[in-house]
Structures are given as C-alpha cells and as structure tokens.
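S.K.:
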Amino acid sequence: MKRKLRILLTLLILVILGACRNDTGVIKTDESMTGAADSKQGETKVGNSVESTGDQTNESMDESNAGETDESIKVPTADTMDESSDVIEPNTLYAEGEDNAIDNPVLLPAPPFSYYISDKVTDKENKPIQLNERSSKANEITDDEYWFINNELSMNTSQIPVPSQDTTGNLQDEIYSVWNDLLITSAFYDDSYIYCTYGSDYSEGYILNIYDAITLKLIYSLDFSNYRYSPDYMKEDYDYIQQKVVWASIKNNILYISHSHNTYAKSSKNMNAYITAIDLLDMSVLWRTDALVCNSRNFQIHGDVIICGYGFTNEPDYLYQIDINTGKVLDKMQLKSAASYIIQKDDVVFVRTYNTDYEFDIQEK
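Quick look at the structure:
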C-alpha cells in the first residue's frame, strides 16, 4: 500500500513538473523541494511488513537479509561510545511510514564487552538490599509450573504462536507475530510496555520491538545484531554462542536489557551474560555490567537495585545485585545452582534455580 502511494505521488509530481516546463524545456521548480521529496522517498524501505490493519505475513525469510537496516539511519560507531560521539536526533531515530508505523529498526553499535560507564552518568553511590534467607529447598528440576502456581507467581509473559506445533498464542492482534520476515520468538510485558523479540528462528532474538501496553502502538524497534557475538570466541562453538535479548524493562526512559547465550562461558571467552542501560532519548549506552552477571530468564528491579543471576554447569552460581545507576556489582550471594527466575512478591524475593527454590525477605534499611 505504501509503495503504491509513493508511486502515485511520484507520477503526480512528474505531471506537475511537466506543466511547469517553459519553451526551452527547463523545469521551473524549487530544487530544495524536489531534493526533499527525493530524500523523503529514500528514508523508509518497505519490505514485507504488515499493513496497519494488523494483518500479518507468514512468508519465509531470506537469511541473507536478516537484520538488514536502512543505511540512511545514522548511529554512533562502536569506537565512539562516550560523550564525544554524535548524538542521534530524536526525530531521526526511526524510519516511519505514512501510517506512523516503524518499518526499520535502529541498528545499535557494537557494545563494549567489559564494564563500561558513560561520562553522562553521575556516580551516585547506592547500597545493596538486605536479603534474609527465609527458606531453601530442593525442587524436582522439571516442576517449574508447579512452583509458579504454588507461590501464586507470574512472569508476565505471553504465549507466542508456533505454527509447527499448532499453537496460536495469546498475543493481541495488533502485535506483529511476523515482522520484516522475522518470527516472534518471545513476548513479555509490564504495566506500561509489551516487549517482543524477533529472529530468523526460535533460537534467536536480536530485534526488540516495544509496544505501548495501552494503545498497542509500536514505539521502539531496536536491532541488537552487534550484540550477538563476542569479539573473540572458540570457533568450534560458533553455533552456540549467539547472545539474544532475554529480558528488558524501561524505567525513567532508560532501557535495561539483558543478553546472554546458553552454553559455557569459555565458548565466548567469558564475554557473555550482560545487562546494558540504554538512554532511549539518543540510544546511547549509559553503562554495561561486567560479564557473567545475568543469564537468568529475567531480572527484578527493586528501587535502585537490579537483582539478577548467573550460573552454568561447572561454573559458579550467584545471585547478583547491580547498581541501577552505574551497572556496578553491589553484592553477590552464592546459590546451589544457576538462577532461572527471580520474582518479587510483596516483600519477598522468590528465586527459582535449577535444583533449589529460595525465598528471601527484603529488609529495608
């Protein structure tokens, strides 16, 4: 539809310009106007995105085009992560079509793969939460569902459609299940936003679309392709080290987002499992944690602290507290196995690990 409208608009312009020709064949027109029209036409690239009615396409994806973005979108380079980098103007962050839908995601530059903090961040000192262990008991390893039901907990996740399993999911019609030829691979939400990841298959999740929870309008589309692979890794493990978006949360216009892969840390030379804070005004990185702090399936924000977990087979298993202002580790507590889910209910933090269930009371200082 958008393509047809652009073609009609171009034909109309040509007719008008033809009427404006003088006897010498010179076009009497404002060059700045035609340049602006040409520029506008090149700003957006309409692929196989769905119509604004919510209809969705199920065409298969050409993997060679996975993660392709519009080259006209300007982003900072990986080498200019500090304040000296060019700031993206808010009105150039998204390539928008006539229906105000985002057609192309913002490609974020390669992140640092060690601890980083921007000069824009004020190093305000925070203290860890006092967590007092209430209980810990062995679980059945595969009884995750029972743990949620028994403790009346929810992860705020949505079921995604999986045609091969005849699963239709429970997403709203306005949420794209196929976007730019990419499959939706996970969906979760909070009171303000719905977060959906997309990839070429269900093991991926490098595109993050963020929808308004009330209007269901797509308001951010971010391409984390440059976050997928560490700068060094064991080549024989390449097929297992792609880091995908695991969890995300927006607070005060800052996106807190975790990336990790699901294999041994040594496979990516210990460059795995980060949380990154991104300023949504200009898409700059405010801070990034040390490696190996968050491969849990979610993280929990409590005040000025992010509670998350990291662990894997034959690796240390810890529950971490991260300073929300700086990304620094405030505290870590050893667990019997790797944390999967971390959910706060009232003043209790429930932690589900591979083989043990914990409950911690929050003691406010």
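Per mature numbering (1 follows the signal peptide of the UniProt record, and there is no 0), the sequence shown runs over residues -21 to -1, 1 to 344. Cβ atoms here follow ideal geometry from the backbone N, Cα and C, with glycine treated the same way. Here the structure is a predicted model, which is why all the values come from computation and not from measurement.
1. Using the rule of at least 16 other Cβ atoms within 10 Å of the residue's Cβ for burial, across every protein chain shown, is Y177 buried or exposed?
2. Nearest to S247 by alpha carbon, out of L234, S228, E215?
3. According to DSSP, W226 sits in a beta bridge with which residue or residues?
4. What is the residue span of the beta strand (DSSP E) that E338 lies within?
5. Would you list the residues sitting across from Q109 in a DSSP beta bridge?
6. Three or more C-beta pairs closer than 8 Å, one from the segment 198 to 213 and one from the segment 145 to 152: is that the case here?
7. Any idea if I128 is buried or exposed, counting beta-carbon neighbours within 10 angstroms, 16 or more meaning buried?
8. Pairs of beta-carbons, one from the segment 220 to 234 and one from the segment 254 to 261, closer than 8 Å: are there three or more?
9. Taking T101 as the reference, which of D302, Y333, D326 has the closest Cα?
10. By the 10 Å Cβ neighbour count, where 16 or more other Cβ atoms means buried, how is G282 classified, buried or exposed?
11. Distance, Cα to Cα, I220 vs V327?
12. Beta-carbon separation of L108 and W266 under 9 Å?
13. For F167 versus N277, is the C-beta distance shorter than 9 Å?
14. Do N188 and P84 have their C-beta atoms within less than 9 Å of each other?
15. Going straight from the alpha carbon of M312 to that of L110, what length do you get?
16. Classify K214 as helix, strand or coil using the three-state DSSP reduction.
17. Quick check on DSSP: helix, strand or coil for Q138?
18. Quickly, what does DSSP pair K116 with across the bridge? List them, please.
19. Ignoring anything shorter than 3 residues or poking outside the segment 130 to 175, list the beta strand (DSSP E) runs there in chain order.
20. Can you tell me which of the three DSSP states D192 falls into?
21. Give the secondary structure of E22 by DSSP, where H, G and I count as helix, E and B as strand, and everything else as coil.
22. Can you give the Cα-Cα distance for Y208 and Y217, rounded to whole angstroms?
23. Could you give the first and the last residue of the continuous beta strand (DSSP E) run that contains M312?
24. Mind reading off the beta-carbon distance from S115 to D336? Whole number of angstroms is fine, and I expect it under 8 Å.
25. Would you kindly report the start and end of the unbroken beta strand (DSSP E) that includes R207?
26. On the three-state DSSP scale, how would you describe Y125?
27. Since V284 is in the beta strand (DSSP E), which residue starts that stretch and which ends it?
28. From L309 to I285, what does the alpha carbon distance come to, in whole angstroms?
29. Which residue wins for smallest C-alpha separation from residue 416, given the options G184, S137, Y172, S171?
30. Please name the residue or residues paired with V330 in a DSSP beta bridge.
M.R.: A quick look at the data gives this:
1. buried
2. E215
3. S237
4. 335 to 342
5. Q342
6. no
7. exposed
8. yes
9. D302
10. exposed
11. 34 Å
12. Per the sequence shown, residue 108 should be read as Ile rather than Leu. Their beta carbons are not under 9 Å apart, which means I108 does not touch W266 by this criterion.
13. yes
14. yes
15. 10 Å
16. helix
17. coil
18. D336
19. 161 to 168
20. Reading the sequence as shown, one finds Ala at residue 192 and not Asp. Reduced to three states, the DSSP call for A192 is coil.
21. Confidence at E22 is low in this model, with a pLDDT of 35, below 50, so its placement is unreliable and the value that follows should be read with caution. Three-state result, E22: helix.
22. 9 Å
23. 308 to 313
24. 7 Å
25. Run containing R207: none; DSSP gives neither H nor E here.
26. helix
27. 284 to 289
28. 10 Å
29. As displayed, the chain neither begins before -21 nor continues past 344, which places residue 416 out of reach and without an answer.
30. I321, Y337
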